[in-house]
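Residue numbers for the sequence shown follow the working numbering, so the first one is 5 and each next one is one higher.
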Amino acid sequence: HATRLERRFPGFPTAEEIYSELKVISVTFRDDFFAVCTETSTQPCHLADRFDSWNLFLGKINMKLSEEEPGRIGIHYAFVHKNTQEKRVPYFLLHWLLKQHCCIKTLDIYESSPEYLHLLCDALHLSCGLEELVLGFSLDEQALEIVLPEVGAMPRTLVRLKVFAYEVPAYALDSLGTALQRVLGLASIDLSCMSMDACDADWLLSEMSACPSLAELSIEDYFLLPRKGAALAELVAGSTALRKLSLLDDGHSGMKQLARFFKGLASNRSLEELCLSDFTLEKHLRGLLVEAVSHINILKIQKLKPFYEGIDGDDILSQKLHFYERNDGDALAELVARNTGLRELVCDRCGAECVAAFSRAIRKNTRLQKLQLTLYHMEMQNYKELLTALSCNQSLQELVLDNVLENIVVDLCQLVWETETEGRVKFPVIFKDVLKFTCAIKKCSKLTRLAYKSMFNSLPLPRDAFSELIHYHQLKSLVICERNGPIESECFSDIARFLSWTRTLKDVTLSFPTTAESTNALLHAILQNRSLSELNISEWTFESSDLQLLCDIIRTKKNLTQLNLQLMNCRERKAVHSLAEHLWSNLNLLKVTVQVNHLRDNASFQQRICTATQRNLSTLRCAVQFVMGSSSRRYAAAFEKISDLPSLVEAVQESANKPKEEAKEMVESCKRNLDCNFLAVVGVVKDAVVCEPNGQLQLDCIGLDNWLRIRRYLRVADIMPEPHHGAP
Numbered sequence: 005h006a007t008r009l010e011r012r013f014p015g016f017p018t019a020e021e022i023y024s025e026l027k028v029i030s031v032t033f034r035d036d037f038f039a040v041c042t043e044t045s046t047q048p049c050h051l052a053d054r055f056d057s058w059n060l061f062l063g064k065i066n067m068k069l070s071e072e073e074p075g076r077i078g079i080h081y082a083f084v085h086k087n088t089q090e091k092r093v094p095y096f097l098l099h100w101l102l103k104q105h106c107c108i109k110t111l112d113i114y115e116s117s118p119e120y121l122h123l124l125c126d127a128l129h130l131s132c133g134l135e136e137l138v139l140g141f142s143l144d145e146q147a148l149e150i151v152l153p154e155v156g157a158m159p160r161t162l163v164r165l166k167v168f169a170y171e172v173p174a175y176a177l178d179s180l181g182t183a184l185q186r187v188l189g190l191a192s193i194d195l196s197c198m199s200m201d202a203c204d205a206d207w208l209l210s211e212m213s214a215c216p217s218l219a220e221l222s223i224e225d226y227f228l229l230p231r232k233g234a235a236l237a238e239l240v241a242g243s244t245a246l247r248k249l250s251l252l253d254d255g256h257s258g259m260k261q262l263a264r265f266f267k268g269l270a271s272n273r274s275l276e277e278l279c280l281s282d283f284t285l286e287k288h289l290r291g292l293l294v295e296a297v298s299h300i301n302i303l304k305i306q307k308l309k310p311f312y313e314g315i316d317g318d319d320i321l322s323q324k325l326h327f328y329e330r331n332d333g334d335a336l337a338e339l340v341a342r343n344t345g346l347r348e349l350v351c352d353r354c355g356a357e358c359v360a361a362f363s364r365a366i367r368k369n370t371r372l373q374k375l376q377l378t379l380y381h382m383e384m385q386n387y388k389e390l391l392t393a394l395s396c397n398q399s400l401q402e403l404v405l406d407n408v409l410e411n412i413v414v415d416l417c418q419l420v421w422e423t424e425t426e427g428r429v430k431f432p433v434i435f436k437d438v439l440k441f442t443c444a445i446k447k448c449s450k451l452t453r454l455a456y457k458s459m460f461n462s463l464p465l466p467r468d469a470f471s472e473l474i475h476y477h478q479l480k481s482l483v484i485c486e487r488n489g490p491i492e493s494e495c496f497s498d499i500a501r502f503l504s505w506t507r508t509l510k511d512v513t514l515s516f517p518t519t520a521e522s523t524n525a526l527l528h529a530i531l532q533n534r535s536l537s538e539l540n541i542s543e544w545t546f547e548s549s550d551l552q553l554l555c556d557i558i559r560t561k562k563n564l565t566q567l568n569l570q571l572m573n574c575r576e577r578k579a580v581h582s583l584a585e586h587l588w589s590n591l592n593l594l595k596v597t598v599q600v601n602h603l604r605d606n607a608s609f610q611q612r613i614c615t616a617t618q619r620n621l622s623t624l625r626c627a628v629q630f631v632m633g634s635s636s637r638r639y640a641a642a643f644e645k646i647s648d649l650p651s652l653v654e655a656v657q658e659s660a661n662k663p664k665e666e667a668k669e670m671v672e673s674c675k676r677n678l679d680c681n682f683l684a685v686v687g688v689v690k691d692a693v694v695c696e697p698n699g700q701l702q703l704d705c706i707g708l709d710n711w712l713r714i715r716r717y718l719r720v721a722d723i724m725p726e727p728h729h730g731a732p
């Protein structure tokens, strides 16, 4: 490998120097550090167990090895605050990884040093298993001119290409079009951040049309410019492979181009998901879009997202049809009434005058499963009309009403009860008025979500504000943010009592100043809680004894998967480091944020937490794979570590799309199977130990019961695997 690098790149160090540098690494991290890929159809590569060692080097070029899903290893961008000159060895190692490891499926290139660009391109050309290539924002024009032509020379394994660079030179765009001709297996292209003129867009569209496997396409409205939208319309109308199309408006197209595109859309019969983002649609265009959607018989998911304050990249509007122009509700109500294959619909900024049309449509529809409406100028009579229609519809599982005003929450709760639509109606409300909040908390004990965020200079919370919380038997989410100073001790007591008692609360956010006494009481209550999976704490005063309670919570609360701590008032460094050690040994936390003031080695503290949560997430994914039937030894070891965690049951429930009780039984069955077939799973025998004619699994004559007693003292990790071969 060192000799190839010297011959391929004159001016680099000699082969002897390169070999010497790599040999030091090999000796330091054991000889199998440079073992070639050991991935098989049933076993993952040994590389999955060496991420930490490799990332010590890759971090110097802002990259990291990670496993985004079981069995899918990638080299991703890592936001490491380093401006190091020690980049030569990391690039040598990156070259080795791509050349020798077919298990690496994804490569994200967000930046690159100019002197190593050709080395990087050589690695792309030699890669043996790469399926996804991502070129990021920080790549300059020189880098793109060098890297993009290599796409066409990459192996046929490439199926996904994402280019997020905004300024792409014309030569690079021309090279990209040529490359698309050669990568016949390309199934997903994302060019949603690129700027170009109509000629370049036309050239790329013509080459995309020739991609036989193209199933997903994300682009900006530059692609509406060629022939005034006709080029894109022809691509969509003629494609039988395209399943998902995302089109973002950046202000370069007009209504005529959209009209032509919608006509092409109406001729497509393969599209399953359409995303139109940030477009402003005139009335006649909304009609054209509705007609196009209604003609696509197998269209299941659509979304039309505006850009407005409060929505981020992971917003709640994903996978929905979303209209945002005021008074366009009648057109969408007509779509609902037609009873098409649409399953989910979001309509933003509709006036109360659209309620009658939606109510009639709800009564007719038998396929829509979720409807989300943001309604304005509503009165109780309008809500009654909607909920009465919902009570007559048994297929619509969820109706979400946004923009519900604080002063009607009590009446709306009563209306939900009267129409017998509890469990199907949701109206998320964030209270800002303390009087309306306290009134609702006393009269609406069946709410599942409760949020209060005070305004500056608002009235203080009364002493009995939370006295009725103890009667909330269905509350799943609680948010209390008080910005106007400390709250009364009675409030602390009532909150603590509820936290220690509730069995339904899943996530809680508590942001308000505390005293040492109230912090202690609240932490003790959380320690007694058995249901919380997400805990967010800020503005609290922490003493060293309180941090010990936090450590106890982290150590014992197996339900907890997300933790957000703002320890801005804590100066106990020793206790904070103890907290980090408990976070490191924890196996159930999947997302952790800890902000600490005055911590000298904060970077290493944060890196340790990040590594722990990545490890936990990878362990959970592997354990789920084992439950779902994968027999890998690595998956078995992961399952054994976390088989008793509630998060595993939830993940299996989601992956298998099963009820919770069935997911529990799947996990229990997997435990029994691992116990009985332990020796086969860890590779001691091929299939099973069979010593009697009836085929019962046992060792000689000790019997299954005795074997299970032995099994209690054995772990998958106790059995040494066969050594990896192939190290240089």
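Ideal placement from N, C-alpha and C gives every residue a C-beta, glycine not left out.
| query | result |
| --- | --- |
| Reduced DSSP category for K68 - H, G, I as helix; E, B as strand; rest coil | strand |
| Cβ neighbour criterion (16 or more within 10 Å) applied to F83 | exposed |
| Rounded C-alpha distance that separates L244 from W58 | First, the amino acid is wrong: residue 244 is Thr here, not Leu. Distance between the alpha carbons of T244 and W58: 43 angstroms. |
| Buried or exposed (CB count within 10 angstroms, at least 16 for buried), I434 | exposed |
| Cβ shell of R589 (< 7 angstroms), same chain only, five flanking positions each side left out | A small fix is needed here, since residue 589 is Ser in this sequence, not Arg. Taken in chain order, the list of residues that qualify is empty. |
| Nonlocal neighbours in the same chain, by C-beta distance under 7 angstroms from R712, ignoring five residues either side | Checking the sequence shown, residue 712 turns out to be Leu, not Arg. Excluding positions up to five away in sequence, the list reads D679. |
| Nearest candidate by alpha-carbon position, reference L239, set H122, A219 and V413 | A219 |
| Cα-Cα separation between D214 and R273, rounded to whole angstroms | Here residue 214 is Ala; the residue named in the question, Asp, does not match the sequence. Near 18 angstroms, if we compare the C-alpha coordinates of R273 and A214. |
| Three-state secondary structure assigned by DSSP to D225 | helix |
| Short Cβ contact (8 angstroms threshold) for C125 with V151 | yes |
| Given 8 angstroms, three or more beta-carbon pairs between the segment 653 to 662 and the segment 90 to 109 | no |
| Start-to-end residues for the alpha helix (DSSP H) that takes in S673 | K664 to C680 |
| Straight-line Cα distance separating N540 from L148 | 42 angstroms |
| Separation of D415 from M384, as counted between CA atoms | 8 angstroms |
| Limits of the unbroken beta strand (DSSP E) element including H80 | R76 to Y81 |
| Cβ contact check for the segment 452 to 462 and the segment 475 to 490: 3 or more pairs under 8 angstroms | yes |
| Any 3 or more C-beta pairs closer than 8 angstroms across the segment 546 to 554 and the segment 628 to 645 | no |
| C-alpha gap between E672 and L391, whole angstroms | 42 angstroms |
| Ordered list of alpha helix (DSSP H) runs contained in the segment 384 to 448, each at least 4 residues | 384 to 395, 413 to 422 and 438 to 447 |
| CA-to-CA distance, R164 to V631, given in whole angstroms | 29 angstroms |
| Whole-Å CB distance - A183 paired with P153, under 8 angstroms assumed | 7 angstroms |
| At least 3 beta-carbon pairs within less than 8 angstroms: the segment 660 to 677 vs the segment 611 to 621 | no |
| Through-space distance from S30 to S24, alpha-carbon basis | 10 angstroms |
| Secondary structure, beta strand (DSSP E): runs of 3+ residues fully inside the segment 515 to 549 | 538 to 542 |
| Inter-residue spacing [alpha-carbon to alpha-carbon] between A45 and F37 | Looking at the sequence shown, residue 45 is not Ala but Ser. Distance between the alpha carbons of S45 and F37: 22 angstroms. |
| Simplified DSSP assignment, three categories, for A191 | coil |
| Contact between the segment 292 to 299 and the segment 266 to 281 (3+ Cβ pairs under 8 angstroms) | yes |
| DSSP beta-bridge partners of T513 | V483 and N540 |
| Spatially closest choice to S142 from C555, A341, C197 and S608, by CA coordinates | C197 |
| Beta bridge counterpart(s) of I113 as assigned by DSSP | L139 |
| 6 angstroms Cβ shell around A191 - same chain, five flanking residues per side excluded | V163, S217 and A219 |
| Proximal residues to L9 (C-beta, below 8 angstroms), its chain only, five neighbours per side dropped | F16, A19, I22, F96, H99 and L123 |
| K374, DSSP secondary structure in three states | strand |
| Under the three-state DSSP convention, the category E654 falls into | helix |
| Local conformation of E472 per DSSP, three classes | coil |
| Cβ-heavy atom distance, T597 to the ligand HEM, below 7 angstroms | With respect to the ligand HEM, the structure shown offers nothing to examine, as it has no ligands at all. |
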